[in-house]
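Residue numbers (the working numbering), protein chains in the order written: chain A, -7 to 262; chain B, -4 to 161. Every residue gets a Cβ at the ideal spot worked out from N, C-alpha and C, and that includes glycine. The model shown is predicted, which means the values in this text are computed figures rather than measured ones. The structure appears below as structure tokens.
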Amino acid sequence: MIPAKFDYKPAESKEEALSLLAEYGDDAKLLAGGHSLLPLMKLRLATPEVVVDIGSVDDLSYITDKGDVIAIGALTKHRQVEQSDILKEHVPLLAHTASHVGDPQVRNRGTIGGSLCHGDPASDLPAAILATRATLVISGPSGDRTVTSDDFFTDFWETEVNEDELLTEILIPKYTGEKWGFEKFNRRAQDWAIVGCAVQGGDNPGIGMVNMGSTPVRAAEAENALRSGSSSEEVAGLADSGLTPPTDIHGNESYRRHLAKILVQRALDN
Amino acid sequence: MSYPTSMTINGTNYAKSVDPRTLLVHFIREECGLTGTHVGCDTSNCGACTVLLDGDAVKSCTVLAVQANNHKVTTVEGLASEDGAFSPVQEGFRQEHGLQCGYCTPGMLMAATALLKEIPKPTEEEIRQNLEGNLCRCTGYEMIVRSVQWAADNPDGVPVAIGESS
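This is the structure in structure tokens:
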């Protein structure tokens, strides 16, 4: 199983990648670690005419303490996020969530930016990005712009990043609270979550849900309950409120609603 | 369109011109003739195609050969020393009967090699977690876990040349 034919254009810098995107427009796809894009290309669900490989743009791979926020380069690999001492100290939810993505081989290749730009509601990291109230920096022909994680995921496999743009950085507020947790339920260790959740407490609590809608979504009503000091049982009882989980081969809508409540309670109690 | 691609595999440089859609596993097997690396599921689930890319375990069915351009690859053929002595992980799989049909074994060996480089004395739990990307349909994993434990307990291995019986 190999992808359909494409032209290969390696980019050595962000600027070179942007100029290649400007040249080829929607015929081109950015290749980072390739662990979302290549499976799609092998299944011929994606057939880009041009693949712009940004995998060796090293200056987009970093984790930096910037005072109130931690800045993560979009090409930082899951393994680096998982093992980062800075993140373990200041955004433990994200480091922990990264350790649950796929398996070690996948985490050695996949990048945080690639995962977010894939915009898959079944992915783990988008839920953590929502829960931690991250901001995303997108570079384009006219410079950088920032969007909140709430505005980033626009539709199924669709994000705010336009065809001539590139996600470059993720900015995450430091978390000083005690309560956080990530839970997912799946059949085998490396499978996609049937449902998952990333939960962070504090003054501005966040609960990001995996596979509970057509995009990565926040459980806003459960967050409000958490903010007002409700018990974990009451918060968890609202985990599916206002959400429209899908039905597929792994579970129907009511099963997902059930899982959402169980998992949010576990994330809050553990 | 073909793209000039060169990489060092097990210390030997291979320079080929390949279609950019060539997967790393196909480059290794078909362009370089190193057929120890297996294609299993071809969907990044089973881990039979695991190789080391710059020392990190990766699934070579989900890496393009061009992505490994100018990088270093280690395959199962690169584990034994030049005199044929098994690496500790290879010897562990022999001592503890860590394989039956052998199809998953190259991937298991590479994933276990990467694990022991990072965690020289892993717990059973750590071994199981770090091999979660490799599927075996024969052994039930018990002997594989014991094989990796043997390698951790015997970091110098036992120098028995390939082909000799003990």
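- At a cut-off of 8 angstroms between beta-carbon atoms, residue 78 of chain B makes no contact with chain A.
- DSSP places residue 98 of chain B outside any beta strand (DSSP E), giving it a letter other than H or E.
- The DSSP-derived three-state label of residue 20 of chain B is helix.
- Excluding its 5 nearest sequence neighbours in each direction, residue 70 of chain A has C-beta neighbours in its own chain below 6 angstroms: 90, 93, 99, 102, listed in chain order.
- In the DSSP assignment, residue 109 of chain A falls within the unbroken alpha helix (DSSP H) covering 104 to 110.
- By the Cβ neighbour-count rule, residue 148 of chain A is exposed, with fewer than 16 other Cβ atoms within 10 Å of its own.
- The three-state secondary structure of residue 144 of chain A, taken from DSSP, is helix.
- Around residue 18 of chain B, the beta-carbon contacts reaching into chain A at under 7 angstroms are -6.
- Leaving aside the five residues that flank residue 84 of chain A on each side, the residues in its chain whose CB is nearer than 8 angstroms to its CB run, in chain order, 167, 172.
- The region 246 to 262 of chain A and the region 226 to 238 of chain A touch, with no fewer than 3 CB-CB distances between them shorter than 8 angstroms.
- Judged by their CB atoms, residue 29 of chain B and residue 3 of chain B are not nearer to each other than the 8 angstroms cut-off.
- Under the three-pair Cβ rule at 8 angstroms, the region -4 to 14 of chain A counts as touching the region 37 to 48 of chain A.
- At a Cβ-Cβ threshold of 8 angstroms, residue 46 of chain A and residue 29 of chain A do not count as neighbours.
- At a cut-off of 8 angstroms between beta carbons, residue 262 of chain A makes no contact with chain B.
- Buried is the label assigned to residue 86 of chain B, since at least 16 other Cβ atoms lie within 10 Å of its Cβ.
- Under the DSSP assignment, residue 172 of chain A falls in the beta strand (DSSP E) whose first and last residues are 172 to 177.
- Under the DSSP assignment, residue 224 of chain A falls in the alpha helix (DSSP H) whose first and last residues are 224 to 229.
- Using beta-carbon distances, residue 40 of chain A does not count as an interface residue toward chain B, since no partner is under 8 angstroms.
- For residue 34 of chain B, no beta strand (DSSP E) segment is defined, and its DSSP state is neither H nor E.
- For residue 100 of chain A, the chain B residues whose C-beta falls within less than 7 angstroms of its own C-beta are 51, 52, 53, listed in chain order.
- Apart from sequence neighbours up to five positions away, the residues of its chain that approach residue 91 of chain B with a beta-carbon distance below 6 angstroms are 138, 141, 142, 145, ordered along the chain.
- A straight line joining the alpha-carbon of residue 95 of chain B with that of residue 134 of chain B spans about 7 angstroms.
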